[in-house]
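These notes concern the structure reproduced below.
Numbering (full-length UniProt numbering), first residue to last: 1 to 526.
Structure, rendered in structure tokens:
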């Protein structure tokens, strides 16, 4: 067997694994991804992408490509309960994807099926230099003195090779063979429901008659389920529940039975249905007991399984990958101490716990069995997707808040402000671009010198932007003080992932001593 080496091995080539590979490669980390399937997802899986996730695609340089792919879904904004896709609308609400959140983020919320998104992220990962190996399965993993040694099976040729990595990112799904191999359990309910996703083709334009939905709850005597459609491809997915407690198994749902269910969901026998694939899965509400086992880190569904109501699951997983990637890169490049990697679980696990709780309550509300306490505890979607915070110094603070009320406190996302440069306007979110970044108010000129001094002292890239419209970009809308709670001489230190590490409400001399001390602590160099 060949013996080769990489810095990070990513196991799993879904949206989360591809994101991890893309950001690791972008940070200059040699990364190899293995995925046992021959290509990206066939099933649509996730459909909605929140602004924070879109900001990450923006950082990768693929936001425009994602928006172009999603253009055909722009008016898929109705969430409805119907007798069938061609039948009566019993109840409907407008999807929050149409909500204008431009004051909170430079990026919109969109609808786009995961099977159409993954190829874009895959191409970005390859362009960044990631080694992507599809039709390749991890068959064994052992921790050795200098890393983790993986045995990989090429499912096309049948040959095996070994690959040693410094670290492994497990993005191998809800059943995570790696998590099971390492005896890491989960907390929560693993099987709220047993589901089948029935992917089929049909002439949807004829059935819809000009109507378009984000998602439909189908209720008629022949079928009860949830249907999402992509009429641009003549493709739809019907999700139905099967009942093991009644003796049912996925094998009971052959293509003939699934075609009958799909026809009933369409509400007409005049349109032929072709079944493409049937995927059994379990709706769960779990969080892994640990997010790390030695050199292995869990991300996405391997770390948490979130009920799909609210569309939080894939978004949360993508943000796991983004959080972990810069930390692995910092440690591997000796910019940070190994203890920095412990902050991945410390930060991301509480977020997942909160998101699972919110999604579970949404499920209860939709199903009609929510308690008054659950209804009262249900938060606005923007609080969950843009207003989460990471713990800082064990200080008590709510996990979620209205993002409009957050003022650049440590642990929260850097606030979005439009800033102007000769090349045009961009967001403060864009200023970070994967590096430690100081953003200072219009009177904070001295912070630029402090950043340069700290960068030299620590041998660390530190960017600085003074929003004075002279040495740096201008605060286009004059929102600095309102958005940050800081005066004109104040400054924010952002981590490479765009979360606030520190803030100062006054100016600082240019020697960089204090800034260097803060950075050294944040990077676990002490």
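Using N, Cα and C, we set each Cβ at its ideal position, and we do this for glycine too.
DSSP-derived helix/strand/coil call for residue i
{"i": "residue 255", "result": "helix"}
{"i": "residue 131", "result": "strand"}
{"i": "residue 94", "result": "strand"}
{"i": "residue 433", "result": "coil"}
{"i": "residue 475", "result": "strand"}
{"i": "residue 154", "result": "strand"}
{"i": "residue 184", "result": "coil"}
{"i": "residue 406", "result": "coil"}
{"i": "residue 317", "result": "helix"}
{"i": "residue 120", "result": "helix"}
{"i": "residue 213", "result": "coil"}
{"i": "residue 372", "result": "helix"}
{"i": "residue 57", "result": "helix"}
{"i": "residue 32", "result": "strand"}
{"i": "residue 64", "result": "helix"}
Contact check, residue i vs residue j, beta carbons under 8 Å
{"i": "residue 47", "j": "residue 113", "result": "yes"}
{"i": "residue 569", "j": "residue 336", "result": "Because the chain spans 1 through 526 in this model, residue 569 falls outside it and cannot be assessed."}
{"i": "residue 325", "j": "residue 27", "result": "yes"}
{"i": "residue 309", "j": "residue 196", "result": "no"}
{"i": "residue 428", "j": "residue 415", "result": "yes"}
{"i": "residue 159", "j": "residue 34", "result": "no"}
{"i": "residue 296", "j": "residue 150", "result": "no"}
{"i": "residue 425", "j": "residue 432", "result": "no"}
{"i": "residue 379", "j": "residue 307", "result": "no"}
{"i": "residue 331", "j": "residue 265", "result": "no"}
{"i": "residue 167", "j": "residue 340", "result": "no"}
Candidates the options, of which the one nearest residue i by Cα
{"i": "residue 91", "options": "286, 353, 215", "result": "215"}
{"i": "residue 281", "options": "256, 287, 241, 304", "result": "241"}
{"i": "residue 348", "options": "388, 374, 328", "result": "388"}
{"i": "residue 423", "options": "142, 239, 469, 100", "result": "469"}
{"i": "residue 321", "options": "344, 228, 334, 51", "result": "344"}
{"i": "residue 200", "options": "181, 182, 373, 238", "result": "238"}
{"i": "residue 305", "options": "189, 432, 161", "result": "189"}
{"i": "residue 374", "options": "361, 179, 11, 289", "result": "361"}
{"i": "residue 489", "options": "508, 101, 496", "result": "508"}
{"i": "residue 248", "options": "193, 231, 392", "result": "193"}
{"i": "residue 148", "options": "11, 395, 154", "result": "11"}
{"i": "residue 228", "options": "202, 251, 245", "result": "202"}
{"i": "residue 483", "options": "293, 130, 413", "result": "413"}
{"i": "residue 177", "options": "156, 68, 303", "result": "303"}
{"i": "residue 504", "options": "519, 440, 480, 88", "result": "440"}
Beta-carbon proximity list for residue i, same chain, < 8 Å, skipping 5 on both sides
{"i": "residue 75", "result": "212"}
{"i": "residue 83", "result": "90, 218, 219, 220, 267"}
{"i": "residue 391", "result": "346, 347, 350, 397, 411"}
{"i": "residue 208", "result": "85, 86, 229, 231"}
Inter-residue spacing [alpha-carbon to alpha-carbon] between residue i and residue j
{"i": "residue 500", "j": "residue 366", "result": "35 Å"}
{"i": "residue 284", "j": "residue 172", "result": "16 Å"}
{"i": "residue 8", "j": "residue 123", "result": "19 Å"}
{"i": "residue 118", "j": "residue 22", "result": "12 Å"}
{"i": "residue 346", "j": "residue 446", "result": "34 Å"}
{"i": "residue 54", "j": "residue 18", "result": "15 Å"}
{"i": "residue 442", "j": "residue 475", "result": "8 Å"}
{"i": "residue 430", "j": "residue 436", "result": "12 Å"}
{"i": "residue 86", "j": "residue 494", "result": "50 Å"}
{"i": "residue 417", "j": "residue 104", "result": "8 Å"}
{"i": "residue 342", "j": "residue 333", "result": "17 Å"}
{"i": "residue 352", "j": "residue 132", "result": "28 Å"}
{"i": "residue 142", "j": "residue 175", "result": "19 Å"}
{"i": "residue 236", "j": "residue 452", "result": "54 Å"}
{"i": "residue 461", "j": "residue 492", "result": "16 Å"}
{"i": "residue 356", "j": "residue 311", "result": "11 Å"}
{"i": "residue 298", "j": "residue 51", "result": "24 Å"}
{"i": "residue 231", "j": "residue 139", "result": "39 Å"}
{"i": "residue 61", "j": "residue 485", "result": "30 Å"}
{"i": "residue 269", "j": "residue 318", "result": "40 Å"}
{"i": "residue 293", "j": "residue 181", "result": "10 Å"}
{"i": "residue 5", "j": "residue 81", "result": "53 Å"}
{"i": "residue 164", "j": "residue 152", "result": "11 Å"}
{"i": "residue 506", "j": "residue 487", "result": "7 Å"}
{"i": "residue 464", "j": "residue 111", "result": "35 Å"}
Residues near residue i in its chain [Cβ-Cβ closer than 6 Å; skip 5 each side]
{"i": "residue 41", "result": "114, 115, 118"}
{"i": "residue 522", "result": "501"}
{"i": "residue 515", "result": "450, 454"}
{"i": "residue 510", "result": "Model confidence at residue 510 stands at a pLDDT of 49, short of 50, so the residue's coordinates are unreliable; what they give is reported in the following sentence. For residue 510, where only same-chain residues beyond five positions count, the Cβ hits under 6 Å are 446, 449, 450."}
{"i": "residue 15", "result": "114, 118, 314"}
{"i": "residue 95", "result": "77, 79, 214"}
7 Å CB neighbourhood of residue i in its chain, flanking five on each side removed
{"i": "residue 259", "result": "273, 275"}
{"i": "residue 179", "result": "170, 288, 298, 302"}
{"i": "residue 128", "result": "22, 25, 26"}
Contact test: residue i Cβ vs the ligand MN heavy atom, cutoff 7 Å
{"i": "residue 360", "result": "As for the ligand MN, it is missing from this structure, which has no ligand bound."}
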